[in-house]
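Working notes, beginning with the structure itself.
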Amino acid sequence: MATAVTANRAELIAIADSVAKEKLIDKAIVIEAMEDAIQRAAKNRYGAENDIRAKLDPVTGDLRLWRVVEVVEAVDDFFKQVDVAQAQKLQKGAVVGDYIVDPLPPIEFGRIQAQASKQIIFQKVRDAERDRQHEEFKDRVGEIITGVVKRVEFGHVVVDLGRAEGVIRRDQQIPREAVRVNDRIRSLIFSVRRENRGPQIFLSRAHPDFMKKLFAQEVPEIYDGIIEIKAAARDPGSRAKIGVISHDSGIDPVGACVGMKGSRVQAVVQEMQGEKIDIIPWSPDIATFVVNALQPANVARVVIDEEDDRIEVVVPDDQLSLAIGRRGQNVRLASQLTGKAIDILTEADASEKRQKEFVERSTMFEKELDVDETLAQLLVAEGFGELEEVAYVEIAELATIEGFDEDLAGELQNRAQEALDRREEANRELRRSLGVEDDLATMPYLTEAMLVTLGKAGIKTLDDLADLATDELVEKKRTEPRRRNDDTPKRPEPKGGILADYSLSDEQGNEIIMAARAHWFEDEAPAAPKAAAPETEDAGEDAVAESEQ
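In this note's numbering, each number is its position in the sequence shown, counted from 1, plus 35.
So, in structure tokens, the structure goes:
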């Protein structure tokens, strides 16, 4: 019997060692799972109401089983408590408040108990394995990893990473790439998430960072930090652009990335299934960077609209299709690379646009300032486009225009300010006709024109304004690059906040909303202080006497 017991003990430890090595988890976790399974089986044998503990020695395999009871004066729970007299039989010198260990004999495992214990151990080991996988991969996001294609399910590729499995979802694959089971594949660890079914490791071959990491592997200067990839944009499987800069004036960043006879860039192209890569010198000057990003097209002129965060690029007529690219690919990648919305215009289109704006602004000045056509056109030619610019510019600057003097400049400023006042009054009347309360006019930064816009959007009271979030009020419209001569259907105009056209910052929007909410707290008057109680008996008696009188 002793030999059989020793064999069983050795077998338990051998199983724990084997499982720990196979699942790459700590042996102590397997021992703990076994103890939990034995503990639950013992509770089924002796009663679940008992506080039963199990301890398995990880070296010898010895198993100890016991019940914990508390010493009390009057027993309420016969399973977990004993009185002092009974406690003295178990442990001499026991007093109220002590916890006594009551040893239990070993239990026999039947088929049902063995199966239940097996399930408990498997579940504990599986949870520990999932935790180990999550801890191992959570800090490796952004790394390139090599695995073997295990299977393809519904277009998603499952990759064996050795100690775990990763998934390349359909939208993170290179289009038209043939992937077969048992193929070795490189991919970027894109995301690691802890979910109920275990850690999910998402991989990507379409992300721009995958291309960056491939270049870092092929170009030692990038790995060493001498050359830096400042921006990257991809149309997976078709074309890509990267912007590079060298921190060593003696090294050409483009040449280093291309390599001798194109060896370095070709290694990346082959891994990305023939995707063409444009390597572009990065520049801190956005206009220069845009010109470089639109290669191989030649750019005639770049106009930056900082207010709308757009860039207008003028190209010769014969360069239009090259600048736009097939189905807008070239300008779309250039927009992603620079982070700016890009409008491509021919010189004829740009000239027509400038002429239209010139006429519109001249007509506006003629009407609002009550001046002749020549004077209005002269203002526009000098760069004035809005009444505010005329009204608030320094008189000395306005007087420097050829044919102007300080008297004329002062008169124009007065007329511009009067025109702005007329606009403000007209907007005030329109705002009131829309039912917008006067309280909104006291809010910071809000003009009458803004209040009209709010009124048309249904914001008419302080409560209406206070209920808005900052992005609902001032978020800028998300812009997409516009393309000319493109047959693809136009997307609907992107929406922003209600006051998106007025160039208010998030801080200003937040200040407006907090000012609108201020009246919510003004109504909360502090509670009146309670009358102080008499501090002495004499004072109490005096108060009673006064009330009787």
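Heads up, the beta-carbon is just placed ideally off N, CA and C, and yes, glycines get one too.
Note that the C-beta distance between V303 and I312 is below 8 Å. Counting C-beta pairs closer than 8 Å gives fewer than three between the stretch 459–476 and the stretch 531–541, which falls short of the contact rule. By the CB criterion at 8 Å, A501 and R552 fall inside the cutoff. Looking from the CA of K491, the closest CA among N462, E510 and N333 belongs to N462. Following the DSSP letters along the chain, one finds T381 inside the beta strand (DSSP E) bounded by residues A376 to T381.
DSSP places D407 in no alpha helix (DSSP H); its state is neither H nor E. Annotation: K511 is outside any beta strand (DSSP E) and is labelled neither H nor E by DSSP.
For the options R361, D118 and E382, the alpha carbon positioned closest to that of D352 is the one of E382. DSSP, reduced to helix, strand and coil, places E263 within a strand of the structure shown. If you draw a 10 Å sphere on the C-beta of F556, you find fewer than 16 other C-beta atoms in it, and that means exposed. Taking a contact to require three or more Cβ pairs closer than 8 Å, the stretch 228–237 and the stretch 196–203 qualify as touching. About 6 Å separates the CB atoms of I264 and V279; that is less than 8 Å, so the two are in contact.
Looking at L223, A213 and P210, the one whose alpha-carbon comes closest to that of L196 is L223.
Residue burial annotation: T373 is buried, with at least 16 other C-beta atoms found within 10 angstroms of its C-beta. Its chain contains G272 and Q308 as the residues whose beta carbon lies nearer than 8 Å to that of R211, once the 5 sequence neighbours on both sides are disregarded; these appear in chain order. In the DSSP assignment, S226 falls within the beta strand (DSSP E) that extends over R219 to E230. When C-alpha distances from E347 are compared across A385, N545, S538 and V300, the shortest belongs to A385. G544 sits in a helix when the DSSP states are folded into three classes.
Going by beta carbons, R336 and V349 fall inside the 8 Å limit. In the DSSP assignment, no residue is bridged to T398. Per DSSP, P255 is one residue of the alpha helix (DSSP H) stretching across P255 to Y258. Under the 8 Å Cβ criterion, the stretch 215–229 counts as touching the stretch 181–189, having at least three qualifying pairs.
Between A266 and M246, the alpha-carbon positions lie close to 11 Å from each other. Ranked by Cα distance from E253, the first of E483, Q305 and Q364 is Q305. Shown here for E510: same chain residues with a beta carbon closer than 7 Å to its own, the five before and five after excluded, namely G531, G532 and A535 in chain order. Using a Cβ-Cβ distance cut-off of 8 Å, the stretch 166–177 and the stretch 101–120 are not in contact, since fewer than three pairs of beta carbons, one from each stretch, lie closer than that value. DSSP, reduced to helix, strand and coil, places V279 within a strand of the structure shown.
The beta-carbon distance between I220 and V194, rounded to whole angstroms, is 6 Å. This is short enough to meet the 8 Å contact definition.
For the 8 Å CB-CB criterion, I436 and E417 form a contact.
Residue pairing from DSSP places I87 in a beta bridge opposite R102. According to the DSSP secondary-structure assignment, R186 is paired through a beta bridge with V193. The continuous beta strand (DSSP E) containing E200 extends over residues E200 to I203. In the three-state reduction of the DSSP assignment, I339 falls in the strand class.
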